Amino acid sequence: MPGLVRYEGVAAGRIDDAIRVTVPHSQRRYLWPARHFASSSTDAALPPMGLRLRLNAGVDIAKLPAQARVIAQAMKTYGVIVADNGSAWYLSGAPDDRWNNDALRALAALHGTDFEAVDTPALMVDKDSGEYR
Numbered sequence: 159m160p161g162l163v164r165y166e167g168v169a170a171g172r173i174d175d176a177i178r179v180t181v182p183h184s185q186r187r188y189l190w191p192a193r194h195f196a197s198s199s200t201d202a203a204l205p206p207m208g209l210r211l212r213l214n215a216g217v218d219i220a221k222l223p224a225q226a227r228v229i230a231q232a233m234k235t236y237g238v239i240v241a242d243n244g245s246a247w248y249l250s251g252a253p254d255d256r257w258n259n260d261a262l263r264a265l266a267a268l269h270g271t272d273f274e275a276v277d278t279p280a281l282m283v284d285k286d287s288g289e290y291r
């Protein structure tokens, strides 16, 4: 299930996909790989569905707890994709009793200003597919 953070990937020390993220408000627009919009707002200051953001390379993640550090590294390598309206910067994960919620809360130290937008057309294999290069 690409986009969902899974305990097995974190325990293995590696997540190999972008992570889905929610935002409080989005605009009535979407970018590949999204297939829908979730808002009636035309405010260009709001992110469209499908917007890929990457954690800036210079953000120090070394002091984060191990589980949070693996997730943050995936944010640097593959980024996050705006996938729905909801809580600000909410990541979706598969339920698992082995998660350390205190460690995961350390991700709250990351802020929107720590991210940069990624130009995704070069990643697209086909506009009608979620497959990427």
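Residues in the sequence shown are numbered consecutively from 159, following the numbering used here. Glycine is no exception: its CB is placed at the ideal position from the N, C-alpha and C atoms. As the structure is a computational prediction, the values presented were derived from the model and not from experiment.
Residue i - DSSP class collapsed to helix/strand/coil
i    : result
D272 : helix
T294 : The displayed coordinates of the chain run from 159 to 291. Any statement about residue 294 would go beyond what the structure contains.
A280 : helix
V217 : coil
R178 : strand
A252 : coil
Residue environment, residue i, which counts as buried when at least 16 other CB atoms sit within 10 Å
i    : result
G208 : buried
P279 : exposed
V228 : buried
R178 : buried
G237 : buried
A192 : buried
Residue range of the alpha helix (DSSP H) that includes residue i
i    : result
A261 : N259 to R263
Beta-carbon proximity of residue i to residue j, cut-off 8 angstroms
i    : j    : result
L262 : M233 : no
T180 : Y248 : yes
N258 : P205 : no
S184 : S197 : yes
D174 : G161 : no
Residue-chain proximity (residue i, chain B), Cβ-Cβ < 8 angstroms
i    : result
R263 : Here chain B cannot be found, since the structure has a single protein chain.
Contact belief for residue i with residue j at Cβ below 8 angstroms, rounded distance in angstroms
i    : j    : result
V168 : Q231 : 10 angstroms between Cβ atoms; not a contact.
R164 : A241 : With 8 angstroms as the limit, R164 and A241 do not qualify as a contact, their Cβ atoms being about 16 angstroms apart.
V283 : R210 : Going by Cβ atoms, the distance from V283 to R210 rounds to 15 angstroms, so no, they are not a contact pair.
P182 : A264 : P182 to A264, Cβ: 21 angstroms. No contact.
Any non-hydrogen atom of the ligand FAD closer than 7 angstroms to residue i Cβ
i    : result
S184 : For the ligand FAD, the structure offers nothing, since it holds no ligand at all.
Span of the beta strand (DSSP E) around residue i
i    : result
V168 : No beta strand (DSSP E) holds V168; the alpha helix (DSSP H) holding it covers Y165 to A169.
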